[in-house]
Amino acid sequence: MSELALFGGETTRTAAYPVWPIHDERDVAAVAEVVRSGNWGGFPYPGPQTQRFLDSFIELQRGQYAVAVMNGTITMEVALRAAGVGWGDEVIVPAYTFQATASAPMMAGAIPVLVDIDPDTFCIDPVAIEAAISERTRAIIPVHAGSQMADMDAIMAIAARHELIVIEDAAHAHGAVWNGQGAGTLGHFGSFSMQSTKIMTAGEGGVLLCRSEEDAWRAASIIDCGRPHDPAGKLYTQGGNYRMTELQAALLNVALERFPAQAQMREEMANYMDEALSEVEGLRVLPRDPRHEKRALYRYTFAIDPDEFGATNIVLERALNAEGIPCSRGYDPMYRYDLFRPQHSRLAVPSAFPQYFDFSDMHLPVTERISGQEGFWLDEEIFRAGKEGVDDVIAALTKAQSALRRDPSLADRIRAL
Ligand SMILES: Cc1ncc(COP(=O)(O)O)c(C=O)c1O
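Residue numbers (numbering that gives the first Met the number 0): 0 to 416.
This is the structure:
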């Protein structure tokens, strides 16, 4: 068996995986059309490209109302503000996510309360949500992480019982479907990111889906400098300029044309990946919840059994990256995350409520296990290389596994690199 690429052996994957975002003359023409029109910005909101995009996005996600904004962080802040969640309110978020899920509540003046995740989805655990509810709790932000969805039935039942607002962080979940409903339409709000790495992108961008028309008017006003967006023209808010530009919307309109074929291809390749991974000892393919009808597959997540496989996710991430496989071990626990250090900032919320931001005693067992040992994320471009792209992942995994079995001390050497 050959030596690991990390120690000078041949890489398993010799060709680069396809780059993202992909583009062709349609993108160039769409942007050129906007440039020539002279209507580049987002004002008056929404412009014609933006309106067309919103209509199509609503159709794709089976939603009702949508607001187009600059990114998928401000979406969540706007949703909270539109729902009247603000100063001193608690918002429950998973500890295993990108910092935006927790920083958005803080920008709205609210306190993020970090809770544990479910090991079968890497998404927020409904039992942990219920345990964290206090008199101050006003909202929950479940994240549909990687290729999974949070248990929206359980979360909406909890929200109904406690009269809480639910904002789905669907930054990874374009096109995902749960029990006949699109991701982002099950909660009161759905937040999408169109940032460069996302499976529908304009470089930057975001969409907020709203279940109620009034919430949508309020959100549109907040992102459009406070101007009214209700038919009577009376609903003013305290707003800012968070509008999407027409250039972004033009790119997204082309992205939407490509999306159905891409989603289908990703699903086929993910099914192939499920089968192939289940043959590798020491790996756990995450169970398919029948309610989760369509996966979005921004990243493909699975779990390692470190004892059986012979290594933890950190070791495997290093070994596989060297083999030419784009992958990562996912998120650090939010309370240890370099990007989330609110107590080191001059933000009002941590200063006013310091008791919430001392994480020295915080230990969420599943988050720590998935983050530090078991969780593994494969990048989406693997699927765009077809079956051969998936086969290379399996070959790299088995190569790493047999090297580790031959010489168990390798794991320590890799960890020390
Ligand atoms: C789970 C999650 N939520 C929110 C965001 C924020 O989106 P944006 O970068 O568009 O602000 C991201 C990633 O960028 C994300 O991965």
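Positions of the beta carbon are idealized from the N, C-alpha and C atoms, including for glycine. Bear in mind that the values here come from a model prediction, so they are computed numbers and not experimental data.
Relative to ligand 1, the beta carbon of G205 is positioned inside 7 Å of a heavy atom. Straight-line measurement puts the Cα of P104 at about 9 Å from the Cα of A138. In this structure, ligand 1 has no non-hydrogen atom nearer than 7 Å to the beta-carbon of V77. H291 has W177 as its beta-bridge partners, per DSSP. Within a 10 Å sphere around the beta-carbon of A248 sit 16 or more other beta-carbons, which makes this residue buried.
A130 has its alpha-carbon roughly 39 Å from the corresponding atom of I324.
In this structure, M106 is the residue among M106, M264 and R257 with its C-alpha nearest to the C-alpha of S344. By alpha-carbon distance to N70, the top candidate from Q194, F356, A156 and L255 is Q194.
Selection P17, D288, V30 and E134 evaluated against A254 yields V30 as nearest (Cα-Cα). Segment contact: the stretch 88-97 against the stretch 265-280, fewer than three CB-CB distances shorter than 8 Å; contact not assigned. According to the DSSP assignment, D152 belongs to the alpha helix (DSSP H) that extends over M151 to H161.
From the listed residues P141, F121, M243 and G37, the smallest Cα separation to V112 is found for P141. Within the stretch 321-388, the runs of beta strand (DSSP E) at least 3 residues long that lie entirely inside it are, in chain order, 374-378. Counted as a single uninterrupted DSSP element, the beta strand (DSSP E) harbouring P111 occupies residues I110 to V114. In its chain, beyond the 5 residues on either side, P125, I128, E129, I132, I139 and L163 have a beta carbon closer than 8 Å to the beta carbon of I157. Going by DSSP, R61 is part of no alpha helix (DSSP H) at all; its letter is neither H nor E.
Y271 carries a helical assignment under DSSP once its states are collapsed to helix, strand and coil. S190 is bridged by DSSP to D168 and L207. Residue pairing by DSSP places D223 opposite N240 in a beta bridge. R298 is bridged by DSSP to D378.
The three-state reading of DSSP puts T397 in helix, counting H, G and I together.
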